[in-house]
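Numbering (the working numbering), first residue to last: 571 to 1074.
What follows is the structure in structure tokens.
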């Protein structure tokens, strides 16, 4: 119960809320906007519930009519944010200039005085965001609660969860991309209409394609975010295994141009971009991970133009968790080159390169910070592949998952093979089991399951035990149902591979 609203005023001094304003000033007290949609019945029920807790000798105050009028006739989203300078809009969420705390009424009423009654039974409180119906509200909520996390794996500032949504209120293509992605995920996992995603996708492309070719494309951070979301939409339909190695995700040239422009003073672009904003850097890192994902699935080298140039790769220096994860991702680029590049190489050179890659990966694993250590290891009874490894953060889990994917590659493409085939297969299978354990232990993050499925697609044919095979397929199907990935080719490949081998 709030002491400032339901207790008698202290005549000796100002209330707690007023003291806070006097000490810190209005600008230091966070303002609070209403939710997207609040029904009148909800407000009345809430008010009645609060009234029950008021002592008999204290009259519950009502909000002044002026404040009620302000609340029910709030300005639109565009009116709210247009007062901000352009530079403010680049970095932080706008705050309504008209936002003000409700004036504090007297909490005790003199005998015989009357309190104002405000009838909210017919009040309609609408959204200040440009959302037009319940469907768009559902898509926005799904993006915020389920999708944004996929992009912010290595971003401590969480740009796709905190910056992209409010920027989408001012940028129609960005909003359409958000809704298209949410609708596609929902349609793959539920009975949600799949044509809704196509409608938003086509509308987004109509406005986006001309912008991609424009001279200011590299300076448009909304464009970077929009392309990143559309690439993720394509990723959903991208097979976990057996993809066409010639295919690349939409808008790849935008990130390639941004990288080359920063490296060679803009010789490859019409207009040299300014220093990348936080959102642009976040989008570029997502594009880098998307390139690794598609390269691994297609079994081809990754395009190095996507590699971030400002990552400290010195394993002897202290760095943030995101830097440590990006270090192993850059090392995975080298491993993909080693495994799938077509250049001629002698046996001795191959052995030397492989040894260097393996040693570097192990050095990373031993030097990684304690925040990458598992909080808990657990096992599921009656399951051979039911391990669960709980990790502190998404960024640490991402680093560990890619470390194990890298080891699978190097074990599969070991030119020395200093052990028997069965021993090699056991080592590969152990890496797959660890991938599954990391996904099961951190189930709220969809990319964890996608990384694990990539390992299964790459090395699942090594499993000969029938129960293990069934558990692998169950895990892949679970990933489909929970996160809407495309695993049909993977399931078909595994079943065909297992049918040719003798079960154990």
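For each residue, glycine too, the CB sits at the ideal point set by N, CA and C. This one's a predicted model, so the numbers in the text were calculated from it and none came from an experiment.
Buried or exposed (CB count within 10 angstroms, at least 16 for buried), residue i
i            : result
residue 711  : exposed
residue 892  : buried
residue 1014 : exposed
residue 1003 : buried
residue 946  : exposed
residue 763  : exposed
residue 888  : exposed
residue 936  : exposed
residue 678  : Residue confidence for residue 678 is low, a pLDDT of 39 falling below 50, so the modelled location carries little weight; the figure read from the coordinates is stated next. Classification for residue 678: exposed.
residue 972  : buried
residue 1052 : exposed
residue 968  : buried
residue 1026 : buried
residue 706  : buried
residue 1030 : buried
residue 765  : exposed
residue 791  : buried
residue 874  : exposed
residue 1012 : buried
residue 988  : exposed
residue 912  : exposed
residue 776  : exposed
residue 1007 : buried
residue 1040 : exposed
residue 783  : exposed
residue 779  : exposed
residue 1076 : Only positions 571 to 1074 of the chain appear in this structure, which leaves residue 1076 out of reach.
residue 704  : exposed
residue 1038 : buried
residue 955  : buried
residue 785  : exposed
residue 949  : exposed
residue 688  : Note that residue 688 scores a pLDDT of 48, beneath 50, so its modelled location is shaky; the value from the coordinates is reported in the next line. Exposed: under 16 other Cβ atoms inside 10 Å.
residue 772  : exposed
residue 952  : exposed
residue 1066 : exposed
Residue i (DSSP reduced to helix, strand or coil)
i            : result
residue 958  : strand
residue 1065 : helix
residue 873  : coil
residue 938  : coil
residue 862  : helix
residue 881  : coil
residue 983  : coil
residue 969  : helix
residue 1070 : helix
residue 1014 : coil
residue 901  : helix
residue 888  : coil
residue 926  : helix
residue 913  : coil
residue 789  : helix
residue 1032 : helix
residue 1141 : Nothing can be reported for residue 1141: it is not among the residues displayed for the chain, which extend from 571 to 1074.
residue 699  : coil
residue 974  : helix
residue 610  : Residue placement at residue 610 is flagged as unreliable, the pLDDT there being 41, under the threshold of 50; the coordinate-derived value follows with that caveat. Residue state, collapsed to three classes: helix.
residue 727  : coil
residue 999  : helix
residue 567  : Outside the modelled stretch of the chain, which goes from 571 to 1074, sits residue 567, for which no answer is possible.
Expected contact under 8 Å - CB spacing of residue i and residue j to nearest Å
i            : j            : result
residue 709  : residue 753  : 6 Å
residue 738  : residue 730  : Contact flag wrong, Cβ pair sits at about 11 Å.
residue 1024 : residue 1043 : That belief does not hold up - the Cβ atoms of residue 1024 and residue 1043 are roughly 15 Å apart, past 8 Å.
residue 744  : residue 787  : So it is not a contact: roughly 14 Å between Cβ atoms.
residue 859  : residue 806  : Not confirmed; about 15 Å, so no contact.
residue 872  : residue 906  : 5 Å
residue 902  : residue 982  : That pair is no contact at about 14 Å.
residue 885  : residue 862  : Not really, about 19 Å apart at Cβ, beyond 8 Å.
residue 808  : residue 864  : 6 Å
residue 927  : residue 986  : Rounded, the Cβ-Cβ distance is 12 Å, inconsistent with contact.
residue 512  : residue 984  : An answer regarding residue 512 cannot be provided, because it is not within the stretch 571 to 1074 covered by the chain.
Strand pairing of residue i, partner residues [DSSP]
i           : result
residue 947 : 959
CB contact check: residue i to chain B, cutoff 7 Å
i           : result
residue 985 : Structure shown: chain B not included; a single protein chain is present.
Margin query: With three or more C-beta pairs closer than 8 Å as the rule, is the stretch 930–944 touching the stretch 960–968?
Written below: Yes, they touch.
Check: So does the stretch 1029–1049 actually touch the stretch 791–802, counting three or more Cβ pairs closer than 8 Å?
Finding: Three or more beta-carbon pairs separated by less than 8 Å are not found between the stretch 1029–1049 and the stretch 791–802, which leaves the two stretches without contact.
Checklist line | Given 8 Å, three or more beta-carbon pairs between the stretch 875–882 and the stretch 914–924 | finding: Counting Cβ pairs under 8 Å, fewer than three are found: no touch.
Notebook entry, point to check: So, do the stretch 995–1012 and the stretch 923–934 have three or more beta carbon pairs nearer to each other than 8 Å?
Noted result: In short, these stretches do not touch, since the Cβ pair count stays below three.
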